[in-house]
Amino acid sequence: MVFTGRPNAGKSSIIREVIGLDVKIGKTPGTTKWIHEYPLSKGLILVDMPGYGRMMWVSERLQDKNNRRIIYFLKSNASRIALAVHVLDISTFSEVTWRLGKKNFISVDVEMIQLLTKALSEFPLVAANKIDKANKAVIDANLEEFTQQTGGSDYSRIENCIFPVSAKTGDGLGYLKNAIHERLVAKGYRTPFKSH
Ligand SMILES: Nc1nc2c(ncn2[C@@H]2O[C@H](COP(=O)(O)OP(=O)(O)OP(=O)(O)O)[C@@H](O)[C@H]2O)c(=O)[nH]1
Ligand SMILES: [Mg+2]
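By numbering that gives the first Met the number 0, the letter at position 97 of the sequence shown is numbered 96, and the numbering carries on one by one without gaps.
So, in structure tokens, the structure goes:
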């Protein structure tokens, strides 16, 4: 099971709150520097990834190296990955996407979701994190834009894969936890936690 996302999206925070592992979290992007593996149950390993994308204060060369390492890990382990959870900061999604669009770049979150969908032959679970950081209207608009960009016209296919959450307040985490549990159980894994 892998957790992907941009630097500072809250990957490690979600792992801490949902899975209960004592992983390192931090205020500055780049807290998780290596691909960390944690055994969860028989045959099931949890992987906390460093951030994918660009970080202002990390040299371009180092970040490119990190990005290549993440892509290589995902592609070369695709057949062994039981589940991917992509974590993004939904409170700034539209703003960040708009800024990238001006430079003709696609959103890193959309890019990663396309890669995961292709490599794993299924849409990942998405933790749309940090819903506490903007008002409901902004979050709803960002969720709609995100759904449109990743699902195209076929909303219904992916709607039940997207979970608005806050690792800070705990909002929505129960639903995400249930979805993780259900997907893993459907694939024959035992999870270390019970569904509620
Ligand atoms: N307000 C708010 N802050 C959050 C939330 N989730 C995480 N954070 C904060 O965001 C920062 C980054 O959290 P991490 O969990 O370390 O993020 P990460 O994606 O693992 O970051 P890297 O390892 O650097 O890629 C920390 O200061 C967290 O406390 C949330 O839902 N709301
Ligand atoms: Mg981290």
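C-beta: ideal position from N, C-alpha, C; glycine also. In this text the structure is predicted, and so the values were computed from the model without any measurement.
Under the three-state DSSP convention, the category residue i falls into
i	result
Asn134	coil
Leu20	coil
Ile34	coil
Ala166	coil
Lys44	Sequence inspection shows Ile at residue 44; the Lys mentioned does not correspond to that position. Ile44 falls in the strand class under three-state DSSP.
Anticipated Cβ contact below 8 Å, residue i with residue j, distance rounded
i	j	result
Val164	Asn128	6 Å
Ala166	Glu16	5 Å
Ile89	Ile157	Not a contact, Cβ separation roughly 14 Å.
Ser93	Ala140	7 Å
Thr91	Asp131	Rounded, the Cβ-Cβ distance is 13 Å, inconsistent with contact.
Thr30	Lys41	In fact, because the Cβ distance is near 29 Å, the residues do not count as touching under 8 Å.
Cys160	Pro191	So it is not a contact: roughly 22 Å between Cβ atoms.
Leu87	Ala8	5 Å
Phe162	Ala185	Rounded, the Cβ-Cβ distance is 17 Å, inconsistent with contact.
Leu45	Ile14	7 Å
Leu119	Arg182	Leu119 to Arg182, Cβ: 11 Å. No contact.
Residue i, enclosing alpha helix (DSSP H) - first and last residue
i	result
Phe2	Unbroken run through Phe2 is the beta strand (DSSP E), Val1 to Gly4; no alpha helix (DSSP H).
Asn196	Residue 196 cannot be examined here, being either before or after the span of the chain that is shown, 0 to 195.
Glu121	That residue, Glu121, is in no alpha helix (DSSP H); it is neither H nor E in DSSP.
Phe201	A question about residue 201 goes unanswered here, because the residues of the chain that appear run from 0 up to 195.
Ile13	Lys10 to Ile13
Lys101	Phe92 to Lys101
Ile157	Tyr154 to Glu158
Tyr174	Leu172 to Ala185
Where the beta strand (DSSP E) through residue i begins and ends
i	result
Ile161	Ile161 to Pro163
Leu87	Ala83 to Asp88
Among the options, nearest to residue i - alpha-carbon criterion
i	options	result
Lys26	Leu39, Gly19, Ser11 and Ile18	Ser11
Leu73	Ala136, Ser106 and Val1	Val1
Ile69	Thr190, Met48, Thr149 and Val57	Met48
Thr149	Ser78, Leu115 and Gly173	Leu115
His85	Phe192, Ile44 and Leu175	Leu175
Pro28	Pro6, His35, Ile18 and Ile34	Pro6
Val107	Gly50, Leu20 and Tyr188	Gly50
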